[in-house]
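Visitor: One structure coming up, written as structure tokens, with questions to follow.
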Amino acid sequence: MKKHPGSEADPAALVARYVVRARRRADLSQRELAQLVGLSQSTVCRVEAGTAQVTASTFVKILAAAGLCLAVTDSSGAMVAPVSVDTVRDNAGRRFPAHLDVGPPDVLTQERLHSPRYDREQPTAAYHLRGHRNRIRALAPDAKREALAIGRPDATTDHPTTADLQQRRRLMRGRQPRVDPMPVLLVDCACLLECHEVGPCLGPCPCQCEPLRWQRRPVNLPGAG
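Counting in the working numbering, the sequence shown runs from 2 upward without gaps.
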């Protein structure tokens with residue numbers, strides 16, 4: 002198997018080589034790179050020597066100065082994307098445990114069945130604890146184990162997003178009846194009470210929204226008495 006390019010024993014040495022690579026591509030001196038990313042020249046020198054480390058955000062800035070970007074790949078070299086920014090969170094705004102399989106709140110977990118809590122707000126999502134999750138995974142194929150555990154056989158292994166759960170609620174509700182809005186009145190009616198009883202506006206009516214000439218006249222059909 003081909004050795005993974007990021008499997009170097011000393012990560013600091015790998016970062017140092019990438020910093021040098023960035024300076025070579027961007028044609029930057031240590032002083033110029035330091036000014037771009039907000040470091041001192043001595044810090045850049047120590048980073049390239051492997052005796053100092055930089056934060057991940059600073060490393061991303063160094064790569065960006067040369068038109069490069071930081072990528073995460075698996076052992077086969079395939080790109081691995083981060084989790085979605087709108088992954089569902091709990092009622093306190095915290096992320097759910099990343100090592101567990103999170104599903105929609107309508108899926109009853111073993112813990113909620115055995116110990117229901119009625120004194121708390123409805124959870125935004127649900128998950129099985131590790132012991133029960135492992136038993137579910139042992140019974141399901143690897144390709145669908147997480148999806149089956151949360152009741153989403155067509156889902157990916159990531160935690161659901163807020164949009165995923167909203168779509169699920171819409172599908173569970175089914176097609177809703179259409180409710181047309183009330184028609185908008187074209188004029189503000191200020192008719193007298195007698196106008197509503199007679200039909201068209203009377204002569205002294207200040208509104209005249211339905212003048213007398215609009216009143217429908219009876220039609221005499223041929224042969225009618």
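Beta carbons: idealized from backbone N, C-alpha and C, even for Gly.
Just so you know, these numbers come straight off a predicted model, no measurement behind them.
From the DSSP output, in three-state form, read off R90 for me.
Guide: In this structure, R90 counts as strand in the three-state DSSP scheme.
Visitor: On a CA-only basis, which of A50, G104, A66 is nearest L166? Give me that one, please.
Guide: Per the Cα distances, G104.
Visitor: Assuming D102 contacts H129 under a Cβ cut-off of 8 angstroms, what Cβ separation, rounded to an integer in Å, is found between them?
Guide: The Cβ separation is near 6 angstroms, so the contact holds.
Visitor: Rounded to the nearest angstrom, how far is the Cβ of L37 from that of A17, given a contact under 8 angstroms?
Guide: L37 to A17, Cβ: 18 angstroms. No contact.
Visitor: Can you tell me whether Y128 is helix, strand or coil according to DSSP?
Guide: Of the three classes helix, strand and coil, the one that applies to Y128 here is strand, per DSSP.
Visitor: Of the residues H197, P182, T125, T110, which one's Cα is nearest the Cα of F97?
Guide: Checked all of H197, P182, T125, T110; the closest Cα to F97 is T125.
Visitor: How long is the line joining the alpha carbons of C206 and D181, rounded to whole angstroms?
Guide: Between C206 and D181, the C-alpha separation is close to 32 angstroms.
Visitor: Is the Cβ-Cβ distance between C208 and A191 less than 8 angstroms?
Guide: The answer is yes: Cβ separation under 8 angstroms.
Visitor: Between the alpha carbons of V61 and C70, how many angstroms are there, rounded?
Guide: In a straight line, the C-alpha of V61 is about 7 angstroms away from that of C70.
Visitor: Report the rounded CA-to-CA distance for L29 versus G39, giving the unit in angstroms.
Guide: Cα to Cα, L29 sits roughly 14 angstroms from G39.
Visitor: Quick one: using the 10 Å Cβ neighbour count with 16 as the cut-off for buried, is A99 buried or exposed?
Guide: Exposed is the call here.
Visitor: Excluding the 5 residues flanking D155 on each side, which residues of the same chain have their C-beta closer than 6 angstroms to its C-beta?
Guide: Low local confidence applies: a pLDDT of 45 at D155 is under 50, so the model's placement there is unreliable, and no value is given.
Visitor: R121 to R176, Cα distance in whole Å?
Guide: For R121 and R176, the distance between alpha carbons rounds to 30 angstroms.
Visitor: Drop a sphere of 10 angstroms on the beta-carbon of V199, count the other beta-carbons inside from all chains shown, and report buried for 16 or more, exposed for fewer.
Guide: Exposed, because fewer than 16 other Cβ atoms sit within 10 Å of the Cβ of V199.
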